[in-house]
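Encoded as structure tokens, the structure appears first; notes follow it.
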Amino acid sequence: MTSKSPRRIAFRSLEDADIAELHRRQNTDCTEELSELLDNKPVWTPLTLGQVKEKIAEEQKKPCTAVFAICHGEEFIGIVEWSGSWDTWAPYAWFMIWPEHRRLGYGTQASKMLLDRSFLQNPGHVVSTVATDWNMPAIQFLKSIGFKDSGRMRRAGLREGRYFDIIFFDQLKSEHLGKGVRN
Amino acid sequence: MRETLRGNRVLLRPIKEDDYEYLAGLKNNMYTQAWNQRLPPNYTAEKIKKRFQEANDKPNSAILAVETLDGALIGNINYSEGVPRFDATLGIVTGKEHWGKGLAEEAQELLLEFLFVERGVQVVRLWTQTGFPWAAKAAEKLGFKLMIRFRENTIIDGQVRDSLYMDILREEYFKSRNLKDNVLGP
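Chains as they are written, first to last, in the numbering used here: chain A, 642 to 824; chain B, 476 to 661.
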């Protein structure tokens, strides 16, 4: 019987070639998602390569914050931001996997790695994350890996002429460690 | 049209040089820090002046002094627009000696009027935490709704507490005050 488990992913630093790929994605199929990560407003506007580098540098300057790559072998398949800049007790993590690599188990791996690091290599007590209310796959994914719906920020923005909300999720250390699965 | 942010009992005005000592004192008091995690109580007049001036230099945001009509400084109130003319976050801190008198409520009412009626925002947000239950009750009295509970997100007075996010939409503001909204939103 063939194993259907995905190959292991790894986190590594973002290098120049990755940033070029981020720029390409922000200008094509991942504009809104990457704009949220890079705090680019309005989210529909494309960024230059220089602007992408600058925005990543701004994020990296925040205390206890890192933006890094998700890799599968040598392939750059996604990006993560982890931040304890507000409070290391309650860090925030956000990641995205490029569209062609989704539904292959990489998101589940990445989230487990991030949660482990948040609680076992950082004095975290609760981790939070978000999804927009129109992003049903993200909402279903977060619930499937144990995040609980904390509520919503109404009128977080406009999309196609309508307001959208941002839904917040969290997971306590006790809930994550109680699952009995670690990476 | 309200000409200045002046109500029946308080007014909101620019911060003056001799306000900073009192405002630094509020930042050093565990009851009035008005932040969802403890800040080190090392604020001086100089330090808070620098912070407030930096904040006031940002566009579409302000920190204002709250003063009674007979000239007593009671605290400060602030707002910051996220997307200009779309959303704003509001915060207020007043000295404990002024609590329970309706002064903070009127100050917030003046700022809400400015944000919805003059700036035209669609939503106003605020953050508080369950360690001070009176803060969320005061916000509910103004029409804010509890929308997010961040579980066990902070530590206050030796207890793990939840942080709370509350908001009020434009139409909720106008309806609750029996006001007509002449500005069509997006």
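Virtual Cβ for every residue (Gly too), placed ideally from N, Cα, C.
Under a CB-based cut-off of 7 Å, is B/Q583 close to chain A? For the purposes of this step, residue 583 of chain B is taken as residue 108 along the second sequence, with counting starting at 1. Cβ-Cβ to chain A under 7 Å: no for B/Q583.
Excluding the 5 residues preceding and the 5 following A/T643 in the sequence, name in chain order all residues of the same chain whose CB lies nearer than 7 Å to its CB. The sequence position of residue 643 of chain A within the first sequence is 2, counting from 1. Bear in mind that a pLDDT of 42 at A/T643, under 50, signals an unreliable position, so the model cannot answer this.
Could you check the C-alpha separation between B/N567 and B/Q508 for me, to the nearest Å? Working through the second sequence from its first residue, we reach residue 567 of chain B at position 92. Working through the second sequence from its first residue, we reach residue 508 of chain B at position 33. For the sequence presented, residue 567 of chain B should be read as Ile rather than Asn. Near 10 Å, if we compare the C-alpha coordinates of B/Q508 and B/I567.
Chain-ordered neighbours of B/P516 on chain A, where CB pairs are closer than 7 Å: In the second sequence, residue 516 of chain B corresponds to position 41, counting from 1. In chain order: nothing, as chain A lies at least about 18 Å away.
When you check each C-beta in the segment 509-533 of chain B against every C-beta of chain A, which residues fall closer than 7 Å? Q512
One or two residues paired with A/Q692 in a DSSP bridge: Looking up residue 692 of chain A in the first sequence gives position 51. Answer by DSSP bridge pairing: none, since A/Q692 is not bridged.
Secondary structure, alpha helix (DSSP H): runs of 4+ residues fully inside the segment 630-659 of chain B: 645-651
For A/D806 and A/W727, I'd like the C-alpha separation in whole angstroms. Here residue 806 of chain A corresponds to residue number 165 of the first sequence, with the count starting at 1. Here residue 727 of chain A corresponds to residue number 86 of the first sequence, with the count starting at 1. Their backbone Cα atoms lie some 22 Å apart in a straight line.
Near-chain A residues of the segment 541-566 of chain B (beta-carbon distance less than 8 Å), N- to C-terminal order: Those residues of the segment 541-566 of chain B that come within reach of chain A (Cβ to Cβ, closer than 8 Å) are V558, F561 and D562.
Please list, in chain order, all residues of the same chain as B/G606 whose beta carbon is under 8 Å from its beta carbon, the five residues on each side excluded. One-based indexing of the second sequence puts residue 606 of chain B at position 131. If we look at B/G606 and ignore the five residues flanking it on each side, its Cβ neighbours are T629, I631, D632, Q634 and R636.
Excluding the 5 residues flanking A/F760 on each side, which residues of the same chain have their C-beta closer than 7 Å to its C-beta? On the first sequence, residue 760 of chain A is found 119 positions in, with the first residue counted as 1. For A/F760, where only same-chain residues beyond five positions count, the Cβ hits under 7 Å are K814, H817 and L818.
7 Å Cβ cutoff, A/A731 in contact with chain B: The count along the first sequence starts at 1 and reaches residue 731 of chain A at position 90. Interface residue, yes.
Given a limit of 8 Å on CB to CB distance, which residues of the segment 702-716 of chain A reach chain B? none
Using the three-state DSSP reduction, which class does B/Y506 fall into: helix, strand or coil? Here residue 506 of chain B corresponds to residue number 31 of the second sequence, with the count starting at 1. Three-state DSSP puts B/Y506 in coil, outside helix and strand.
Report, in whole angstroms, the separation of the C-beta atoms of B/R624 and A/S676, which I expect to be a contact under 8 Å. Working through the second sequence from its first residue, we reach residue 624 of chain B at position 149. Working through the first sequence from its first residue, we reach residue 676 of chain A at position 35. Between A/S676 and B/R624 the Cβ distance is about 28 Å, and since that is not below 8 Å, they are no contact.
Looking only at C-alpha atoms, which of B/A499, B/K522, B/Q528 and B/I643 sits nearest to B/E615? By one-based count along the second sequence, residue 615 of chain B stands at place 140. Taking only the C-alpha atoms, the option nearest B/E615 is B/I643.
Contact list for B/M622 against chain A, beta-carbon separation under 7 Å: The residue labelled residue 622 of chain B in the question sits at position 147 within the second sequence. Per Cβ cutoff of 7 Å: G792, R793, M794 and R795.
Secondary structure, beta strand (DSSP E): runs of 3+ residues fully inside the segment 549-624 of chain B: 562-569 and 598-604
Can you give me the Cβ contacts of B/E556 inside the same chain, cut-off strictly under 6 Å, excluding the 5 residues immediately before and after it? On the second sequence, residue 556 of chain B is found 81 positions in, with the first residue counted as 1. Hits under 6 Å: N535 and A563.
Between B/A611 and B/R600, what straight-line distance do the alpha-carbon atoms span, to the nearest angstrom? For the purposes of this step, residue 611 of chain B is taken as residue 136 along the second sequence, with counting starting at 1. For the purposes of this step, residue 600 of chain B is taken as residue 125 along the second sequence, with counting starting at 1. Rounded to whole angstroms, B/A611 to B/R600 spans 12 Å at the Cα level.
Would you give the residue range spanned by the beta strand (DSSP E) that B/M476 belongs to? Indexing the second sequence from 1 puts residue 476 of chain B at position 1. Where B/M476 is concerned, there is no enclosing beta strand (DSSP E), given that its DSSP letter is neither H nor E.
Going by beta-carbon coordinates alone, are B/Q665 and B/G660 separated by less than 7 Å? Outside the modelled stretch of chain B, which goes from 476 to 661, sits residue 665 of chain B, for which no answer is possible.
Min CB distance A/L745 to chain B below 7 Å: The residue you call residue 745 of chain A lines up with position 104 of the first sequence. Not a single CB atom of chain B sits nearer than 7 Å to the CB of A/L745.
Residues within the segment 753-774 of chain A neighbouring chain B, beta-carbon criterion of under 9 Å: Cβ contacts with chain B: H766, V767 and S769.
Alpha-carbon to alpha-carbon, A/A658 and A/L690: Working through the first sequence from its first residue, we reach residue 690 of chain A at position 49. Working through the first sequence from its first residue, we reach residue 658 of chain A at position 17. Using only the alpha carbons, I get a separation of about 11 Å.
Whole angstroms are fine: how far does the CA of B/D494 sit from the CA of A/K703? As a working mapping, residue 703 of chain A is identified with position 62 in the first sequence. As a working mapping, residue 494 of chain B is identified with position 19 in the second sequence. In a straight line, the C-alpha of A/K703 is about 31 Å away from that of B/D494.
Where A/T669 falls, given that 16 or more other Cβ within 10 Å makes a residue buried: For the purposes of this step, residue 669 of chain A is identified with residue 28 of the first sequence, where counting begins at 1. The residue is exposed, with fewer than 16 neighbouring Cβ atoms inside 10 Å.
Shorter than 7 Å from the beta carbon of B/Q634 to some beta carbon of chain A? Within the second sequence, the letter at position 159 stands for residue 634 of chain B. So, not an interface residue.
Leaving out five residues on either side along the sequence, give the residues of the same chain with a beta carbon under 6 Å from the beta carbon of A/Y733. Numbered from its first residue, the first sequence carries residue 733 of chain A at position 92. Same-chain partners within the cutoff: S724 and S769.
List the residues of chain B that A/L813 touches, going by C-beta distances under 8 Å, in chain order. Along the first sequence, one-based indexing puts residue 813 of chain A at 172. Within 8 Å Cβ-Cβ: R626 and E627.
For A/L679 and A/K696, believed in contact at Cβ under 8 Å, the rounded distance: In the first sequence, counting from the first residue as 1, residue 696 of chain A sits at position 55. In the first sequence, counting from the first residue as 1, residue 679 of chain A sits at position 38. Contact holds; Cβ gap of about 4 Å.
Measuring CB to CB, does A/R653 end up less than 7 Å from A/A710? Taking the first sequence and counting its residues from 1, one reaches residue 653 of chain A at position 12. Taking the first sequence and counting its residues from 1, one reaches residue 710 of chain A at position 69. A contact, by the Cβ cut-off of 7 Å.
Determine the extent of the beta strand (DSSP E) in which B/L486 is found, giving its start and end residues. By one-based count along the second sequence, residue 486 of chain B stands at place 11. Unbroken beta strand (DSSP E) run through B/L486: V485 to R488.
Does chain B have any CB closer than 7 Å to the CB of A/L799? Residue numbering aside, residue 799 of chain A sits at position 158 when the first sequence is read from its first letter. At least one chain B Cβ lies under 7 Å of A/L799.
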